[in-house]
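Start counting the sequence shown at -12; every next residue gets the next number (the working numbering).
No residue lacks a Cβ here, since even glycine has one placed at the ideal position from N, Cα and C.
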Amino acid sequence: MFANFKKAFKKDESDTKIPKAILDAMSDSLPSGLKYTQMDKGYCAIIPEKGELKFKFENLKIKIPKNIKLTTAEELTEFLYRTQQVVETETDVVTINDHKIKLSDFVKHPFKEKTFEKGSKFSIQPESFGEPFPLKVEHENGQIAKEFLIERKPLADMHKSLFKSINEDVLEITYTLDEQHHNLKFNVNVDLQKAKTVLEIIEAFNIYIAFIEGKIKIEGLLLNPVPIEKERVAAGAALDYWQTVQAVAEKLDVQFKPDEGEGAVNAEWIAKLYRSFVEKKAYKQRSGTASFITGSKGDWDEKKLLEKDAMALQYTLNEGIKVYGVDIPLYSAVALLNCKVESVIPVEGLDRKYEFKVIPADEKGIYQAARHFSTKEAFDEVFKNMGEVLEELSKAEEI
């Protein structure tokens, strides 16, 4: 800890040595046991003639928790260092070795009329914690090795020190050093908002799970496991999801942006795209009443169509979707299963185009089955005719 005089001194280029006679004359005005001594470049300050210099300030504002009791100046100094608190006086008087002295008298320049400017304050400022330092974190299998920049943080505790990573990274590491019991307590957090790529998230969850399972080395030292099954399961589920997202990205040759789009919409499309492009199968999901517009390739009897019970209606369409900030064009084969036609209405201005409105055929409801492709050409490579399409869509499993 050191003293800092804010706004106190005017610039002085002089290296003049103050004569002892002047210092003695100035000291004559001080209480017994105190004297002036030269400090630096013509400035002098009060010190005791014998023994240690002891300061005492009144009305200091220091934030001290109720559970911490400070009984000595050394403990106060230590506490201010640990909490990095800067303390300022609210008075122009300081007590030095039991003598009250004005701040304007504490430090003087004998060759200038005024040393302290109006509004000067005396502050106690602790030494800083120093520069951040690197911390190497690696998986025991050697497949993941990452370096974090660690900075000590203020902590109102006389026996513990707090450290936190300051990288702009998805994974945040915080640890507390217990100086009494000689142990470390780690806390790891995944902040998805900092992720720029899906691979960053996958790496973060792999490290997170390794912390839980006790498979992480810090500077070569293997940490103990943290058997929190609920956290491990949740992190495992998150890892599985983002690995699924990455699998879709690689199949479509795109780079997803994790911080873009609505979460639920993104997740639903990822499930559909994974089934279509990675598993190469159709999917189905429940649907309420539905309507779609399609063209007629031949003659058909509207009355008979409306009288039919449960049926499957299939069609193809070009569509565009947006997933995690990426525009994706699709050519989709779709079937509405267990439905019946409620109405067929010609679309005004479109030749041989009709709007079909369908409703559930029974209490089981309508299922919409689909399989997506990047292009019609990709679709044609898989299916020879629409009969094959309907056969696959009819066997689709629900997502």
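- Residue burial is scored here from C-beta neighbours: S152 has at least 16 other C-beta atoms within 10 angstroms and is therefore classed as buried.
- Excluding residues up to 5 positions away in sequence, I189 lie with their Cβ nearer than 8 Å to the Cβ of Q230 in the same chain.
- Using a Cβ distance threshold of 9 Å, L260 and I315 count as a contacting pair.
- In the displayed model, S14 falls within a helix according to three-state DSSP.
- Minimum Cα-Cα distance from H359 among the listed residues N305, E375 and L209 corresponds to N305.
- I332 is classed as exposed because its beta carbon has fewer than 16 other beta carbons within 10 Å across all chains shown.
- Per DSSP, the unbroken beta strand (DSSP E) holding Q301 starts and ends at M298 to V310.
- For S274, there is no enclosing alpha helix (DSSP H); the residue is part of the beta strand (DSSP E) that begins and ends at Y270 to S274.
- Put simply, of V185, L292, G201 and F279 the residue whose alpha carbon is nearest the alpha carbon of Q242 is V185.
- G275 counts as exposed, since fewer than 16 other C-beta atoms from the protein chains shown sit within 10 angstroms of its C-beta.
- A contact is defined here as three or more CB-CB pairs under 8 Å, and the stretch 316 to 326 meets this definition with respect to the stretch 372 to 381.
- Shortest Cα-Cα distance from N176 to any of A8, I196, P6 and N170 involves I196.
- Here I196 carries a helix assignment [DSSP, helix/strand/coil].
- For the options A297, L179, R339 and S361, the alpha carbon positioned closest to that of Y318 is the one of S361.
- CA-to-CA, the gap between C31 and G117 works out to about 30 Å.
- Counting only the Cα atoms, V252 lies some 33 Å from K133.
- Just so you know, the alpha carbons of L292 and V328 end up roughly 7 Å apart.
- Collapsing the DSSP output to three states places E378 in a helix.
- A residue is called buried when at least 16 other Cβ atoms come within 10 angstroms of its Cβ; P121 does not meet this threshold and is exposed.
- Counting only residues of its own chain and dropping the five nearest sequence neighbours on each side, L67 has a CB closer than 7 Å to the CB of M(-12), V74, I111 and P113.
- In the structure shown, N128 adopts coil according to DSSP, grouped into three states.
- When DSSP reads this structure, F42 sits in a beta bridge with I83.
- A contact is defined here as three or more CB-CB pairs under 8 Å, and the stretch 163 to 171 fails this definition with respect to the stretch 82 to 90.
- For the pair G20 and G38, the Cα-to-Cα distance works out to about 10 Å.
- Residue nearest to K172 within the set V157, Q180, G223 and F150 is F150 (criterion: CA-CA distance).
- In this structure, the alpha-carbon of E385 lies about 33 Å from that of D288.
- The Cβ neighbour count for K271, taken over all protein chains shown within 10 Å, is at least 16; the residue is labelled buried.
- Under the 10 Å beta carbon count, R273 is surrounded by fewer than 16 other beta carbons and is classified as exposed.
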